[in-house]
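The block underneath contains the structure these notes are about, expressed in structure tokens.
Number of protein chains: 2
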Amino acid sequence: MTVAERGPRERMVFSAAQLIRRDGVAATGMREVAAHAGAPRGSLQHYFPGGKEQLVNEAVDWAGRYAGRRVARFLAALPEPTPSGLFAEMVRQWTDEYETAGFARGCPVAAATVDCAESTASTREAAAAAFATWTEPVARALVDLGVPKERAGALATLMISAVEGAILLARAQQDVGPLTTVARELGPLLDAAVTRDD
Amino acid sequence: MTVAERGPRERMVFSAAQLIRRDGVAATGMREVAAHAGAPRGSLQHYFPGGKEQLVNEAVDWAGRYAGRRVARFLAALPEPTPSGLFAEMVRQWTDEYETAGFARGCPVAAATVDCAESTASTREAAAAAFATWTEPVARALVDLGVPKERAGALATLMISAVEGAILLARAQQDVGPLTTVARELGPLLDAAVTRDD
DNA sequence: CACTGGCTATGACAGCGGTCATAGTAGTGC
DNA sequence: GCACTACTATGACCGCTGTCATAGCCAGTG
Numbered sequence: 006m007t008v009a010e011r012g013p014r015e016r017m018v019f020s021a022a023q024l025i026r027r028d029g030v031a032a033t034g035m036r037e038v039a040a041h042a043g044a045p046r047g048s049l050q051h052y053f054p055g056g057k058e059q060l061v062n063e064a065v066d067w068a069g070r071y072a073g074r075r076v077a078r079f080l081a082a083l084p085e086p087t088p089s090g091l092f093a094e095m096v097r098q099w100t101d102e103y104e105t106a107g108f109a110r111g112c113p114v115a116a117a118t119v120d121c122a123e124s125t126a127s128t129r130e131a132a133a134a135a136f137a138t139w140t141e142p143v144a145r146a147l148v149d150l151g152v153p154k155e156r157a158g159a160l161a162t163l164m165i166s167a168v169e170g171a172i173l174l175a176r177a178q179q180d181v182g183p184l185t186t187v188a189r190e191l192g193p194l195l196d197a198a199v200t201r202d203d
Numbered sequence: 006m007t008v009a010e011r012g013p014r015e016r017m018v019f020s021a022a023q024l025i026r027r028d029g030v031a032a033t034g035m036r037e038v039a040a041h042a043g044a045p046r047g048s049l050q051h052y053f054p055g056g057k058e059q060l061v062n063e064a065v066d067w068a069g070r071y072a073g074r075r076v077a078r079f080l081a082a083l084p085e086p087t088p089s090g091l092f093a094e095m096v097r098q099w100t101d102e103y104e105t106a107g108f109a110r111g112c113p114v115a116a117a118t119v120d121c122a123e124s125t126a127s128t129r130e131a132a133a134a135a136f137a138t139w140t141e142p143v144a145r146a147l148v149d150l151g152v153p154k155e156r157a158g159a160l161a162t163l164m165i166s167a168v169e170g171a172i173l174l175a176r177a178q179q180d181v182g183p184l185t186t187v188a189r190e191l192g193p194l195l196d197a198a199v200t201r202d203d
């Protein structure tokens, strides 16, 4: 989880995402991002001539792609994949982090939405795109698992809404309870949507 | 929705909540709050000697109590109250706002959590308390509607998680779809938890 | 050698943030 | 009239922010 090896540009985007999901967009300074990435301050204006807005948008973008990629991994890791199993894995990613690293960090896309939805149109659009690139693989996975196409999109939206909300509650009360609760309560509903047994 | 009549102190707390849920905590200035409340700047340090932290905490507190109070109203407004009906009302509060006033504003408690959970302990606790004072009436309502006590708390947590997450998605993509989706998909699950038919 | 282009390194600037200090006003009780 | 309290009104301060400007380094290339 420390700074990866990649190039400085990618490191800065990654660091921005980490700091944003911890402190929010407004409280995250450009200098702080550079320092966290171990990158020179001068590189900021070189790689991100669009300024903070561009950096934030790329961080949100990166987070969306990351979340989307995870879905395939979760499916591959499950011995016998089911909708509830997928959802449990999505939730477990967060309970694991909170139990091992503490409740310092939330979802960067949520932070960007809260802080910029009204003030910065391009960031709001980036957040919407990020949610979309996260929802889409989930919906597709549900279809693969036997959920009717008409229903898959709605359930994917429900899953992501529940996870995002549970992250907020869990962070606020510093307890993974809300996360495990939504996983437990939503599991049966998700599995019941499967109309074909493989 | 404009500035109410109350005293200047309460107006400032209210204005703080409104600005926070629009722009986030960090981006909301004290001077801005005073101006929005039509209150003199000097009153800030008089009523809130604890500074911004105190003001934000009281705004979060106020939001929690407001949300809690709404629950009773929703129940009273329903011709024949059911868990799904209550949830639909909770969601409708947001779809109504978004359809009439646009997607400028989100939940102030969510904003406080995202912006202050790591940086300001007292605000994180205020957010946790706010979520609690919101969850508790919902859980109690579920019990009244026939949901077993052991299950009511979990379902209340699920409801609030889903609403909070759906608010994020809806704001990001400027579409009430996620809100209506979670209401539709979660309704049957909630009603199915009723074990007694009144 | 010179020259170019990618990247680094600082310094300066203007703006805004929360907070403190101080002075002023309004109203009330005596 | 006076004194006291509640509240208002400004102005100043310092720290931090994002951004710009400028100069330096240091390959590669011809």
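Protein sequences appear in the order of chains A and B.
Going by the working numbering, the first residue of the first sequence is number 6, and it counts up by one from there.
Going by the working numbering, the first residue of the second sequence is number 6, and it counts up by one from there.
Just so you know, even glycine gets a beta-carbon here, dropped at the ideal spot from N, CA and C.
How many whole angstroms separate the CB atoms of residue i and residue j, which I take to be in contact at a CB cut-off of 8 Å?
i	j	result
G158 of chain A	F92 of chain A	Between F92 of chain A and G158 of chain A the Cβ distance is about 15 Å, and since that is not below 8 Å, they are no contact.
L49 of chain B	A39 of chain B	6 Å
I25 of chain A	A116 of chain A	5 Å
L175 of chain A	L184 of chain A	Per the sequence shown, residue 175 of chain A should be read as Ala rather than Leu. Confirmed, Cβ separation roughly 5 Å.
A31 of chain A	D101 of chain A	Actually they do not touch by this definition, with Cβ atoms about 28 Å apart.
T138 of chain B	G47 of chain B	About 32 Å; that fails the 8 Å criterion.
E15 of chain A	T128 of chain A	Going by Cβ atoms, the distance from E15 of chain A to T128 of chain A rounds to 19 Å, so no, they are not a contact pair.
F108 of chain B	A122 of chain A	7 Å
I165 of chain B	T186 of chain B	Actually they do not touch by this definition, with Cβ atoms about 16 Å apart.
E104 of chain A	V18 of chain A	27 Å between Cβ atoms; not a contact.
DSSP three-state call for residue i: helix, strand or coil?
i	result
V8 of chain B	Summary for V8 of chain B: the model assigns pLDDT 39, below 50, so the residue's position carries little reliability; its value from the coordinates is reported in the next sentence. V8 of chain B falls in the coil class under three-state DSSP.
G151 of chain A	coil
C112 of chain A	coil
E123 of chain A	coil
A106 of chain B	helix
A198 of chain A	coil
Quick check: is any heavy atom of the ligand SAM less than 8 Å from the C-beta of residue i?
i	result
T105 of chain B	With respect to the ligand SAM, the structure offers nothing, as it holds no ligand at all.
Taking Cβ positions, are residue i and residue j nearer each other than 9 Å?
i	j	result
L80 of chain A	D28 of chain A	no
L163 of chain A	A167 of chain B	yes
A22 of chain B	A82 of chain B	no
A135 of chain B	G170 of chain A	no
D66 of chain B	A131 of chain B	yes
P153 of chain B	T87 of chain B	no
L173 of chain A	G111 of chain A	yes
A77 of chain B	P13 of chain B	no
A188 of chain A	V114 of chain A	no
Q98 of chain B	R70 of chain B	no
S20 of chain B	H51 of chain B	no
V61 of chain B	T125 of chain B	yes
Which residue spans inside the stretch 16–92 of chain A form an unbroken alpha helix (DSSP H) run of at least 4? 35–42, 47–52, 56–82
Secondary structure, alpha helix (DSSP H): runs of 4+ residues fully inside the stretch 134–192 of chain B: 154–178
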